[in-house]
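> Starting off with a structure, shown below.
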Amino acid sequence: MTPNLGRRSFILGSAAFGALALTSCATSGTTASTSSGATTSAGEGGSSGATSGASSEASSGATSGAKPDASGALTVQSNQSDPQSQKGMKALIAGFVATAAGTASLNTVAGEQFRTQLPTYLTSQTPPDVLTWLAGKVAGDYANKGLLLDVSQVWSTPTMAEYPASVKALSTGRDGKQIFIPQYYYWVAIYYRPSKFREWGVSVPKTWTELKTVAAAIQAKGVAPIGIGLSDTPWLASAWFDYLNIRVNGAQFHRDVLLGKASFADPKVGAAMDRWKEILPYFDKRAKGLAFQEAQTQLFQGRTGMFLAGSWFAGGAPKSLGDDLDFFQFPIIDPAIPVGEEGPTDGFFASARTTRPALTKKFLEYVATAPAQEAYLSASGSASLPTNPQAKVAETAANKKGRALLAAAKDVTQFFNRDGGDELQPTADTALVKFMDNPNDLQKILADWQTAAQKVRQG
Amino acid sequence: MVLASVQRRQRSAGLPPVVLVLVLVPFVVEAVGVFWPAIQGVFLSLTRWDGIGQPQNVGVDNFAKMSSDPIFRQAFKNTAIWLVLFGGLSVIVGLALALLLNAKRRGVTIYRALIFMPVVFSLVVTALVWRVLYSPDGLFNQVLSSVGLTGWQRIWLGDPTTVLYALVIAALWQGTGYIMVLFLAGLKAADPELMEASKVDGANRFQALLYVTLPQLRGVIGVIISVVVINALRAFDIVWALTQGGPYHSSELLSTYMFSTAFQGRQLGYASAIAVVIFVLALAFIIFYLVRVLKEEM
């Protein structure tokens, strides 16, 4: 349901087989693979309690946790199940083990299963110590239920002092304590093929009017201007909703709507959706019959012109495409509105019930360091950007552009489900896909959406 | 006195420890693995629970909520359509195929095997096949355009007016083979002499089917109806794999709605209430049928 999880499951072979993931839950990709580094250090006794006793941080660890750590390796439960990301996670774990702070083992679970099982992981009597997850309300909700370990101690280390205040705010729970350690973030933008744009005689649009002109020109060539795949990834429509609402009403109002402080039936939301109506005729008519991967291929083959997606979109591009895939900022609609962008952030949190709080904090401190993020990003070949300002990653043109895009933003949102909560996502899928089918029922659709959202919030 | 003690001895002799173990062990397994979770589900249906905190008792609120929930109504309607279409068609088509393939002709086993094959296919394969067939540029739309019926082309799985029927067809493709095999087994047990006698008496094929074959299949039909009703009510996998109940709940069944309510919406109390409704429906159908059958036999 998140762009991220989504991307992963598609790379693996598409969420079309969600039910497969359900039925084969227990087995899908749960490889308890201890990295080779961990094996070597197991010789040290593998008792993290013993190791932490020797280090300086141990004292601070001991002050916060009443009991000493349980022995044994730290378990890291990961939803990064595609082969590339797994490489990254393994490199990260190996790097941690190499610091001799303790041992850790990696347990990878398929994205969709991870998402549905997360509450179980967190409430179990013997929870995994550290888990991969997304920043935003989608993490904060668990903190509000008291399920997450307070990691403000990690945030007070020199490593994390350099993190931007905005990232810290994003990682902070309702009670002012940090509960999340960010690892990387990425951008959301409109992808296109420059060679096709030249062929069609159009250039990158900067304003809403230009976007409509470009779309009309592409349509005149007999190509569907805007691609999207809704059959197994209806949440892709939320990217359009997010951006339209941010561009028309600003990021703060957008967040207010997602958090229930403003209504989906608010006329301002209606105004944003009216913009969508203007561009709706340019959407690929086959979208509802296309899975994400198919829709992605349509763009790579030049059968659609533009595609609004996160940086993971480029991950599926065939090598033959080379540099012929670029992206541009979602066009400005109202210049008076401060520019907001979506910059989803991924990272880690820890279970409040962990039996190894000291080791957990050491691990989280490690993943926040520049070398750890460099190791992860280079091993996974990801285009994402490290959250540690000191981390150096191989700069590509796309990286630079994405970084600049987010750096220039006056406000950064995460994504619909990350800002509004995972439970809210299905209400958006229903409302937005219905809208795309019946744009004239907008008022009723928005009113129904508000009702559905309220129901979800009440539980 | 003597008589009583003899009787007691006989009774205890009638229940050797092995039998006791053979009865009790499965009962305990069943109780722990099936009855207890089922009872728990009923309790959960009376609560509001997000799967994390403590369940909150809300009485029958969840059931009251259903009447005002448009998605539940849609799912209920769809399940009814599914039950009638999938149930009815799989019995009719299964019987027709069984009658056709019961004859001793050359190559008949090949046909039987071919029709049974989808039953053996894994769900992944089935979903993949149908996803490709139904895709906007898939076989169905290509055939329609090649015969000049472009106006009939649809986004089969994306159009709220066609999606449910498209899914029923896929489910039939997968499920009919099994029903056919059950009917074939029933036909094998039918007495050929009765058929011959009816021929001698001058019954035509239709009369023979209606008055000779079908009455002999009564037992098998009972099994098949139970199987079909239960299958229809718990139909989940093919729908979830192809549409997840979408677009905008137009192919939602009670089972898929229960799942998404529980694991996407995190409303485990409400989801349990939906599960209770499914259970009651299945039970009602089966009991209704069993009562009728028993009445006829008595």
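Protein chains in written order, with this note's numbering: chain A, 2 to 460; chain V, 353 to 650.
Here a beta-carbon is modelled for each residue, glycine too, at the ideal position from N, C-alpha and C.
Here the structure is a predicted model, which means the values were calculated and not measured.
#1: Please determine, among Q81(A), N80(A), S86(A) and A105(A), the residue with the shortest C-alpha to C-alpha distance to G73(A).
#2: Would you call the region 519-528 of chain V and the region 464-480 of chain V in contact, with 3 or more CB pairs under 8 Å?
#3: Which residues does DSSP pair with G348(A) in a beta bridge?
#4: Could you spell out the range, first to last residue, of the beta strand (DSSP E) harbouring V564(V)?
#5: Would you tell me roughly how many angstroms separate the C-alpha atoms of S82(A) and L259(A), rounded to the nearest one?
#6: Who are the Cβ neighbours of V394(V) in its own chain at under 8 Å, not counting the five residues just before and after it?
#7: Compare the beta carbon distance of Y283(A) and L93(A) with 9 Å and say whether it is the shorter of the two.
#8: Quick one: give me the first and last residue of the alpha helix (DSSP H) that T461(V) is part of.
#9: Could you please give the first and the last residue of the uninterrupted beta strand (DSSP E) stretch that includes F314(V)?
#10: Measure the CB-CB distance between I590(V) and T513(V) and report whether it falls below 9 Å.
#11: With 8 Å as the limit, tell me which residues of the region 220-242 of chain A have their beta carbon closer than that to any beta carbon of chain V; keep them in chain order.
#12: Cα separation between G46(A) and F349(A)?
#13: Let me check one thing: in DSSP terms, what residues is G341(A) bridge-paired to?
#14: Measuring alpha carbon to alpha carbon, tell me which residue in L594(V), F611(V), T502(V) and G366(V) is nearest Y651(V).
#15: Could you give the DSSP three-state label for F588(V): helix, strand or coil?
#16: Examine the Cβ distances between the region 420-436 of chain A and the region 213-227 of chain A and report whether three or more of them are shorter than 8 Å.
#17: What's the gap between the Cα of Q391(A) and the Cα of A95(A)?
#18: Compute the Euclidean distance between the alpha carbons of V139(A) and T388(A), then round it to the nearest angstrom.
#19: Run down chain A in chain order and give the residues with a C-beta less than 8 Å from the C-beta of S487(V).
#20: Since D257(A) is in the alpha helix (DSSP H), which residue starts that stretch and which ends it?
#21: Is Q184(A) close to chain V? Criterion is C-beta to C-beta, closer than 9 Å.
#22: Does the beta-carbon of P319(A) have 16 or more other beta-carbons within 10 angstroms, so that it is buried, or is it exposed?
#23: Taking one C-beta from the region 261-272 of chain A and one from the region 202-217 of chain A each time, how about it: are there three or more such pairs within less than 8 Å?
#24: Would you call the region 547-558 of chain V and the region 397-404 of chain V touching, i.e. three or more CB-CB distances under 8 Å?
#25: Report buried or exposed for Q459(A), applying the criterion of at least 16 other Cβ atoms within 10 angstroms of its Cβ.
#26: Work out the CA separation of R483(V) and E648(V) for me, nearest whole Å.
#27: Which residues in the same chain have their Cβ closer than 6 Å to the Cβ of K88(A), if we skip the five residues on either side of it in sequence?
#28: Thinking just about the alpha-carbon of each residue, which of S603(V), V481(V) and F379(V) is nearest to the one in F424(V)?
#29: Am I right that L425(A) and A454(A) are in contact with their C-beta atoms under 8 Å? What's the rounded C-beta distance?
#30: Since L309(A) and A240(A) should fall inside the 8 Å C-beta cutoff, what is the C-beta to C-beta distance between them, to a whole number of angstroms?
#31: From the DSSP output, in three-state form, read off Q85(A) for me.
#32: Could you spell out the range, first to last residue, of the alpha helix (DSSP H) harbouring F395(V)?
#33: Would you please verify whether the beta carbon of Q616(V) is less than 9 Å from any beta carbon of chain A?
#34: Using the beta-carbon of each residue, which ones in chain V are nearer than 8 Å to L148(A)?
#35: I need the straight-line Cα distance from I247(A) to A429(A), nearest angstrom please.
#36: Can you name the residues of chain A whose CB is closer than 7 Å to the CB of Y600(V)?
So, from the listed chains and residues:
#1: A105(A)
#2: yes
#3: W134(A) and P183(A)
#4: Careful: V564(V) lies outside any beta strand (DSSP E) and carries neither H nor E.
#5: 29 Å
#6: S624 and V628
#7: no
#8: V460 to V472
#9: Because residue 314(V) is not part of the residues shown, which for chain V are 353 to 650, the question remains open.
#10: no
#11: L231, S232, D233 and P235
#12: At G46(A) the pLDDT is 33, less than 50, meaning the model places this residue with poor confidence and gives no usable figure here.
#13: D412(A)
#14: Shown here, chain V extends from 353 to 650; a query on residue 651(V) therefore has no answer.
#15: coil
#16: no
#17: 21 Å
#18: 19 Å
#19: G290, L291 and E295
#20: A252 to L259
#21: no
#22: exposed
#23: no
#24: no
#25: exposed
#26: 45 Å
#27: A380 and S381
#28: S603(V)
#29: 6 Å
#30: 5 Å
#31: helix
#32: W388 to L396
#33: yes
#34: I404
#35: 16 Å
#36: T431, V434 and K435
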